[in-house]
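Single-structure report; data block below.
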Amino acid sequence: MNPYILATLLFGLGLGTTITFISSHWLLAWMGLEMNTLAIIPLMAQHHHPRAVEATTKYFLTQATAAAMLLFASVTNAWLTGQWDIQQMTHPLPITLITLALALKIGLAPVHSWLPEVLQGLDLTTGLVLSTWQKLAPFALLLQIQPANSTILIAFGLASTLVGGWGGLNQTQLRKILAYSSIAHLGWMILVLQFSPSLTFLTLLTYLVMTFSSFLVFKLNNSTSINMLATSWAKAPTLTALAPLVLLSLGGLPPLTGFMPKWLILQELTKQDLAPTATLAAMSALLSLYFYLRLSYAMALTLSPNSLAGTTPWRLHHLRPTLPLAVGVAATLLLLPLAPAAMALLTL
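Mapped onto full-length UniProt numbering, the consecutive letters of the sequence shown carry residue numbers 1 to 348.
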């Protein structure tokens, strides 16, 4: 892609998200979301491949549906209450409609089925943008309206953690596994949204760091399926040693960074007398942990079927920048000791 066009699209992507961040009026927030969607569509379709075009079409249709629902709900709210302000949502009908529209935008269960299919059709770089940056604007709106109907949010959260765990079990494609992982993590965030918005924000930050690291690991190895992971020991031995730890951090295993948000969320749910919900969420995390362990096993404990076993293939030093990967992996593995500081910030 022409660098000027790429710069324009990335600027549009950033501008759309920023407009949604700073807006207090529903029309302005809707406009920011639309700019965001229209800026990423050419990036998704830049490789003229039928799968990429199909993924782009599916993404456009789902985002357009969600945006239309959001606009309808905000107009309904203005009609019922005379308010266009995002933080002045009082009527339950538009709040429920907006929650559903934003759930469709970020890919929460049960309106999640577009996300694995779309992510599978994209390259890893665009998939990374879709899994991280594109979640920010809808989440900013969710944090601002803080839907009062707790039943809907808990249902969305539990459904997402369970679907994210079950859906990833039988997958062999890494992008689909990462999509189901994204659905499960979003479910954890939504579960605790109404009780502790600051904890939701902390979970979102840790999710962004861990997803960034895992996408970069797969991109450096040029892997898109589990079978391709088995050759990574010969390409990048150090990365092969660290990658299982990144995946286990995504699964929420102590003493890695990913354990911190899950631990704090379970603690908060128990404080709110939601022990059954916390138990279900913790059990669904075991489902996710299984497929992360499966990836770790394929990457670190198996050898690819070569005719010359143990022969290191010829490789040249790649010229890709590895500093973002190094910073991301360090943050993914080593931030658990900051949990007391995070808890102190949450109680402010």
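By construction, the Cβ of each residue, glycine as well, lies at the ideal position given by its N, Cα and C atoms.
{"Asked": "Hey, how far is the Cα of residue 363 from the Cα of Ile183?", "Found": "Outside the shown range of the chain (1 to 348) lies residue 363, about which nothing can therefore be said."}
{"Asked": "Please report the distance separating the alpha-carbon of Ser307 from that of Ala230.", "Found": "Reliability of the predicted coordinates at Ser307 is poor, the pLDDT of 48 falling under 50, and no value is obtained from them."}
{"Asked": "Can you give me the Cβ contacts of residue 360 inside the same chain, cut-off strictly under 6 angstroms, excluding the 5 residues immediately before and after it?", "Found": "The question about residue 360 has no answer here: the residues shown for the chain are numbered 1 through 348."}
{"Asked": "Examine the Cβ distances between the stretch 55-69 and the stretch 79-91 and report whether three or more of them are shorter than 8 angstroms.", "Found": "no"}
{"Asked": "For Ala52 and Gly121, what's the separation of their Cα atoms in angstroms?", "Found": "5 angstroms"}
{"Asked": "Cutting at 6 angstroms between CB atoms, please list the residues of its own chain near Thr126, excluding the five before and the five after it.", "Found": "Leu43, Met44"}
{"Asked": "Helix, strand or coil: how does DSSP classify Ser74 here?", "Found": "helix"}
{"Asked": "Determine the burial state of Leu250: buried for a count of at least 16 other Cβ atoms within 10 Å of its Cβ, exposed for fewer.", "Found": "buried"}
{"Asked": "Just the Cα atoms here: how many angstroms apart are Thr332 and Thr211?", "Found": "9 angstroms"}
{"Asked": "Distance check for Leu245 and Leu186, CA to CA, integer angstroms please.", "Found": "21 angstroms"}
{"Asked": "Quick check: the stretch 211-222 against the stretch 138-156, are at least 3 beta-carbon pairs closer than 8 angstroms?", "Found": "no"}
{"Asked": "Tell me the start and end of each unbroken alpha helix (DSSP H) in the stretch 214-264 that is at least 4 residues and wholly inside, in chain order.", "Found": "226-229, 232-235, 237-251"}
{"Asked": "Buried or exposed, going by whether 16 or more other CB atoms sit within 10 Å of the CB of Ile106?", "Found": "buried"}
{"Asked": "Which class does His185 belong to by DSSP, given the choice of helix, strand or coil?", "Found": "helix"}
{"Asked": "For Ala68, tell me which candidate among Pro92, Trp79, Leu104 has the shortest Cα-Cα distance.", "Found": "Leu104"}
{"Asked": "Determine the contact status of Ser137 and Leu33, defining contact as a CB-CB distance below 7 angstroms.", "Found": "The sequence given here places Ala at residue 137; Ser does not occur at that position. Cβ atoms of Ala137 and Leu33: closer than 7 angstroms."}
{"Asked": "State the Cα-Cα distance for the pair Leu158 and Thr151, rounded to the nearest angstrom.", "Found": "11 angstroms"}
{"Asked": "Do the stretch 318-328 and the stretch 187-206 meet, that is, are 3 or more Cβ pairs less than 8 angstroms apart?", "Found": "no"}
{"Asked": "Determine the DSSP secondary structure at Gln173, reduced to helix, strand or coil.", "Found": "strand"}
{"Asked": "In whole angstroms, what separates the C-alpha of residue 389 from that of Met89?", "Found": "In the structure as shown, the chain starts at 1 and stops at 348, and residue 389 therefore has no counterpart that could be examined."}
{"Asked": "On the DSSP letters alone, give me the boundaries of the alpha helix (DSSP H) that Arg294 sits inside.", "Found": "275-300"}
{"Asked": "Could you tell me if His48 is buried or exposed, where buried requires 16 or more neighbouring beta carbons within 10 angstroms of its beta carbon?", "Found": "exposed"}
{"Asked": "Could you check the C-alpha separation between Leu93 and Leu71 for me, to the nearest Å?", "Found": "13 angstroms"}
{"Asked": "In whole angstroms, give me the CA-to-CA distance for Ala234 and Leu28.", "Found": "51 angstroms"}
{"Asked": "When the distance is taken between beta carbons, is Lys219 closer than 7 angstroms to Leu124?", "Found": "yes"}
{"Asked": "Which residues in the same chain as residue 349 place their Cβ atom closer than 7 angstroms to its Cβ, once the five residues preceding and following it in sequence are excluded?", "Found": "This structure cannot settle anything about residue 349, because the visible part of the chain is limited to 1 through 348."}
{"Asked": "What are the boundary residues of the alpha helix (DSSP H) that includes Val118?", "Found": "114-120"}
{"Asked": "Less than 7 angstroms between C-beta atoms, sequence neighbours within five positions excluded: which residues of the same chain meet that for Gly328?", "Found": "Val209, Phe212, Ser213, Leu216"}
{"Asked": "Between the Cα of Ile154 and the Cα atoms of Gln173, Leu193, Leu15, which residue gives the shortest distance?", "Found": "Leu193"}
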